[in-house]
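Asker: Take a look at the following structure, please.
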């Protein structure tokens with residue numbers, strides 16, 4: 026039951042070229058930065074990644090993207106990652122865009138053993154009708170387009186069929202956890218992390234604080250250890266390594282405070 030692994034490098038050592046990986050986080054919030062860096066330093070490439078976005082240039086999954094290590098991505102947006110946009114438009118990477126809620130449910134469904142489900146999101150758009158560019162060609166034309174999806178009517182409303190997602194690995198980050206793999210995520214970092222963890226056959230969690238088994242109240246556990254195979258305790262420096270995509274400030278009002 027002791028799932029603790031000594032280091033991030035040891036935890037990702039068996040992830041080979043061409044692997045499929047679900048990655049938690051939203052932009053730079055709650056991303057498994059230590060595991061991503063370990064994978065980068067290992068040199069693994071040709072990866073198929075499922076994540077809401079690919080971070081930003083040189084941070085998060087942007088680190089792997091900038092090194093040309095990602096061959097295919099499934100996500101909801103390009104975000105502020107200029108290199109992601111450049112590679113996609115240049116035909117260097119394949120991208121499957123999917124509505125954000127649909128992506129979340131596809132990961133959850135895969136983790137629950139549900140092969141497919143119907144949703145109204147995307148009906149009447151290229152998401153359902155097909156034709157979204159998956160990959161561009163060197164001439165700027167569409168080399169590979171998304172196929173049409175099945176649409177059925179229930180109680181007079183159209184729904185599109187979406188498939189659940191499972192991956193060989195999942196990389197996530199948690200605020201607290203125990204050696205059994207029970208995890209607690211903090212505030213908005215509880216975004217795609219539990220869902221990505223459920224979808225991976227081998228889930229690796231980097232954890233900011235490891236507590237003894239039994240210390241976590243069962244009612245506060247966001248992800249039970251049955252979904253987690255490896256736990257990586259972070260150093261203080263690794264736990265503090267967090268970034269903001271955009272910093273917004275406001276002027277301080279004049280006068281006495």
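Numbering (my numbering), first residue to last: 26 to 282.
Don't be surprised by glycine CBs; every beta carbon is placed ideally from N, CA and C.
Keep in mind that this is a model prediction, so the values were computed, not measured.
1. Quick check: what's the CA-CA separation for residue 167 versus residue 161?
2. Does the Cβ-Cβ distance between residue 19 and residue 233 come in under 8 Å?
3. Provide the residue span of the alpha helix (DSSP H) that contains residue 253, from first to last.
4. What did DSSP end up calling residue 92 once you bin it into helix, strand or coil?
5. Assuming residue 72 is part of the beta strand (DSSP E), what are its boundary residues?
6. In this structure, how does DSSP classify residue 183 when only helix, strand and coil are distinguished?
7. Taking the DSSP output, what are the residues bridged to residue 232?
8. Measuring straight from C-alpha to C-alpha, what distance separates residue 41 and residue 64?
9. Short of 7 Å in beta carbon distance, which residues of its chain neighbour residue 258, apart from the five on each side in sequence? Order them along the chain.
10. Where does residue 142 fall in DSSP's three states?
11. Taking only three categories from DSSP, how would you classify residue 60?
12. Using only alpha-carbon positions, find the residue among 103, 100, 109 that is nearest to residue 92.
13. If distances are taken between C-alpha atoms only, which option among 31, 221, 82, 35 comes closest to residue 76?
14. Touch check for the segment 44-52 and the segment 186-193: three-plus C-beta pairs under 8 Å?
15. What does residue 208 pair with, by DSSP beta-bridge criteria?
16. Report, in whole angstroms, the separation of the C-beta atoms of residue 255 and residue 274, which I expect to be a contact under 8 Å.
17. Going by beta-carbon coordinates alone, are residue 150 and residue 130 separated by less than 8 Å?
18. For residue 117, does the three-state DSSP call read helix, strand or coil?
19. Within 10 Å of its beta-carbon, does residue 175 have 16 or more other beta-carbons around it, so buried, or fewer, so exposed?
20. In the DSSP output, what is residue 137 paired with across the bridge?
21. Span of the alpha helix (DSSP H) holding residue 103?
22. May I ask you to report which of helix, strand or coil DSSP gives residue 160?
23. Short of 7 Å in beta carbon distance, which residues of its chain neighbour residue 120, apart from the five on each side in sequence? Order them along the chain.
24. Under the three-state reduction of DSSP, which class applies to residue 99: helix, strand or coil?
Answerer: Walking through what the data contain:
1. Taking C-alpha positions only, residue 167 is separated from residue 161 by approximately 4 Å.
2. This structure leaves residue 19 out entirely; the chain is present only between 26 and 282.
3. Looking at the DSSP string, residue 253 is not in any alpha helix (DSSP H), and its letter there is neither H nor E.
4. It is coil, neither helix nor strand.
5. Start and end: 72-75.
6. Reduced to three states, the DSSP call for residue 183 is strand.
7. Per DSSP, 199, 258.
8. One C-alpha to the other measures close to 10 Å.
9. These residues qualify, in order along the chain: 29, 232, 235.
10. Three-state DSSP puts residue 142 in a strand.
11. In this structure, residue 60 counts as helix in the three-state DSSP scheme.
12. Scanning 103, 100, 109 for the CA closest to the CA of residue 92 turns up 109.
13. For residue 76, the closest of 31, 221, 82, 35 by C-alpha to C-alpha distance is 221.
14. Result yes; three or more Cβ-Cβ pairs closer than 8 Å.
15. According to the DSSP secondary-structure assignment, residue 208 is paired through a beta bridge with 202, 248.
16. Not quite, the Cβ-Cβ distance comes to about 39 Å (not below 8 Å), so this is no contact.
17. Taking 8 Å as the Cβ cut-off, residue 150 and residue 130 do not qualify as a contacting pair.
18. Three-state result, residue 117: coil.
19. Classification for residue 175: exposed.
20. In DSSP, residue 137 forms no bridge with anything.
21. That residue, residue 103, is in no alpha helix (DSSP H); it is neither H nor E in DSSP.
22. Residue state for residue 160 is assigned as strand, using DSSP reduced to three classes.
23. Contacts found: 98, 113, 159.
24. In the structure shown, residue 99 adopts extended strand secondary structure according to DSSP, grouped into three states.
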